[in-house]
Amino acid sequence: MIKKCLFPAAGYGTRFLPATKAIPKEMLPILNKPLIQYGVEEAIEAGITNMAIVTGRGKRALEDHFDISYELEHQIKGTSKENYLKEIRMLLEKCTFSYTRQMEMRGLGHAILTAENLIGNESFAVILSDDLCDNNQDIGVLLQMCKIYEKYRCSIVAVEEVALEDISKYGVIEGREVGDDVFMVDNMIEKPSQEEAPSNLAIIGRYILTPDIFDILRETKPGKNGEIQITDALLEQCKKGMVLAYKFRGERYDCGSIDGFVRATNVFYQKIQGN
Ligand code: UTP
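Residue numbers (the UniProt record's numbering): 1 to 275.
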């Protein structure tokens with residue numbers, strides 16, 4: 001039912017400088033695969049094949065990654081090395097990719113609004129690929145969310161419980177549980193202080209959004225850090241209708257931070273070692 005997935009990838013990635021000076025954060029690899037490819041695979045698992053990517057200056061590597069490299073293909077054709085490209089070739093056969101550029105980095109909400117022409121008037125998924133989700137043999141987080149969308153047909157944010165000392169890094173929700181791990185959102189605050197935080201349920205980088213979010217984003221004023229915040233637009237949507245939060249099954253790694261990136265690398269490496 002959800003056919004398109006949006007990948008906002010125009011941010012500066014300052015926490016990973018200098019690595020992100022000339023390459024996008026989304027191209028940093030966990031083992032041999034860039035973060036954005038994990039995101040695209042999660043979307044494919046959820047039945048989505050239309051990928052829309054918001055890029056910016058210096059982000060060409062993203063487009064090149066999801067394209068055929070003729071020279072490389074020619075070099076390794078017929079050799080044992082061909083195997084290394086098998087996975088990405090299959091992915092390219094399944095999906096279409098479209099791109100738009102965010103010219104000024106005015107925040108996640110603004111990045112999403114920039115992609116309106118790629119999405120149109122339909123509900124869509126959003127993956128922030130620096131939040132890497134590991135489903136531990138279960139179904140992926142986006143597929144879990146699509147199943148909830150089928151029932152409620154409204155915007156949904158994925159949330160997880162975080163420690164109080166970390167709460168000010170996130171958008172935080174206040175809500176009532178209306179189903180198994182599903183909360184009806186009453187309030188949400190972007191990057192609250194520990195005293196302001198209405199709960200310990202923090203929004204992570206997975207969303208399903210209904211298309212009225214674009215009209216709301218157009219009217220949303222810059223909020224915390226002078227950026228147009230998706231949390232502020234979602235709060236407005238919440239007041240006008242209904243927004244759900246879903247406490248997903250699985251593990252999330254904040255690969256936009258060095259700590260999360262190293263943890264994800266270790267866990268994924270242990271997996272291929274069979275531990
Ligand atoms: P972050 O808050 O992680 O910002 O953005 P960032 O610039 O990527 O990283 P730091 O904090 O400077 O290290 C959350 C998501 O929103 C996208 C980013 O690419 C990331 O996927 N984003 C953010 C945009 O696409 N445009 C923006 O203007 C801001």
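Beta carbons: idealized from backbone N, C-alpha and C, even for Gly. Nothing here was measured: the structure is a model prediction, and the numbers come from that model.
Are there any heavy atoms of the ligand UTP lying less than 7 Å away from the beta-carbon of residue i, as far as the coordinates show?
| i | result |
| --- | --- |
| Leu-28 | no |
| Gln-75 | no |
| Thr-14 | yes |
| Ala-264 | no |
| Ala-9 | yes |
| Ala-115 | no |
| Glu-106 | The amino acid at residue 106 is misidentified as Glu; the sequence shows Arg. Yes. |
| Val-54 | yes |
| Gln-102 | yes |
| Lys-21 | no |
| Lys-224 | no |
| Leu-217 | no |
| Asp-232 | no |
| Ala-43 | no |
| Asp-166 | no |
| Leu-128 | yes |
| Ala-111 | yes |
| Gly-256 | yes |
| residue 276 | In the structure as shown, the chain begins at 1 and stops at 275. Residue 276 is therefore absent and cannot be evaluated. |
What is the rounded straight-line gap between the Cα of residue i and the Cα of residue j?
| i | j | result |
| --- | --- | --- |
| Phe-183 | Gln-237 | 15 Å |
| Gln-37 | Met-242 | 31 Å |
| Asn-50 | Tyr-99 | 11 Å |
| Thr-114 | Gln-229 | 13 Å |
| Thr-55 | Asp-180 | 36 Å |
| Cys-95 | Val-40 | 9 Å |
| Ala-19 | Tyr-269 | 21 Å |
| Asn-83 | Leu-91 | 14 Å |
| Ala-43 | Pro-198 | 31 Å |
| Ala-111 | Leu-85 | 31 Å |
| Gln-194 | Ser-168 | 7 Å |
| Pro-211 | Gln-273 | 43 Å |
| Met-103 | Gly-13 | 16 Å |
| Lys-221 | Gly-78 | 56 Å |
| Lys-240 | Phe-261 | 38 Å |
| Arg-57 | Pro-29 | 20 Å |
| Glu-93 | Cys-154 | 31 Å |
| residue 296 | Asn-136 | Beyond the ends of the chain as shown, which are 1 and 275, falls residue 296; an answer cannot be given. |
| residue 282 | Asn-275 | Not covered by the structure: residue 282. The range shown for the chain is 1 to 275. |
| Tyr-70 | Arg-89 | 12 Å |
| Ile-68 | Arg-176 | 48 Å |
| Asn-32 | Lys-21 | 20 Å |
Between residue i and residue j, is the Cβ-Cβ spacing less than 8 Å?
| i | j | result |
| --- | --- | --- |
| Tyr-152 | Ile-2 | no |
| Gln-144 | Arg-252 | no |
| Met-188 | Val-178 | no |
| Ile-53 | Phe-16 | no |
| Ile-156 | Leu-142 | no |
| Lys-191 | Lys-224 | yes |
| Val-185 | Ala-264 | no |
| Ala-46 | Gly-109 | no |
| Gly-107 | Glu-196 | no |
| Gly-205 | Asp-131 | yes |
| Val-267 | Asp-166 | no |
| Ile-203 | Thr-231 | yes |
Assuming residue i and residue j are in contact, meaning their beta carbons sit under 8 Å apart, how far apart are those beta carbons, in whole angstroms?
| i | j | result |
| --- | --- | --- |
| Phe-124 | Lys-4 | 4 Å |
| Ser-129 | Leu-35 | 5 Å |
| Leu-147 | Leu-201 | Note on identity: in this sequence residue 147 is Lys, with Leu being the wrong assignment. Not confirmed; about 20 Å, so no contact. |
| Lys-81 | Ala-9 | That pair is no contact at about 28 Å. |
Using a threshold of 7 Å, is the CB atom of residue i nearer than that to any non-hydrogen atom of the ligand GDP?
| i | result |
| --- | --- |
| Pro-29 | This structure does not include the ligand GDP; its bound ligands are the ligand UTP. |
Okay, do the region 251-263 and the region 14-31 touch, 3+ Cβ pairs below 8 Å being the bar?
Three or more beta-carbon pairs separated by less than 8 Å link the region 251-263 to the region 14-31, which places the two stretches in contact.
Spell out a yes or no on whether the region 60-78 and the region 158-168 are touching, meaning 3 or more CB-CB pairs, one atom from each, closer than 8 Å.
Contact fails: fewer than three Cβ-Cβ distances are below 8 Å.
For the region 72-82 against the region 119-126, are there 3 or more C-beta pairs whose distance is under 8 Å?
Too few Cβ pairs lie closer than 8 Å, so no.
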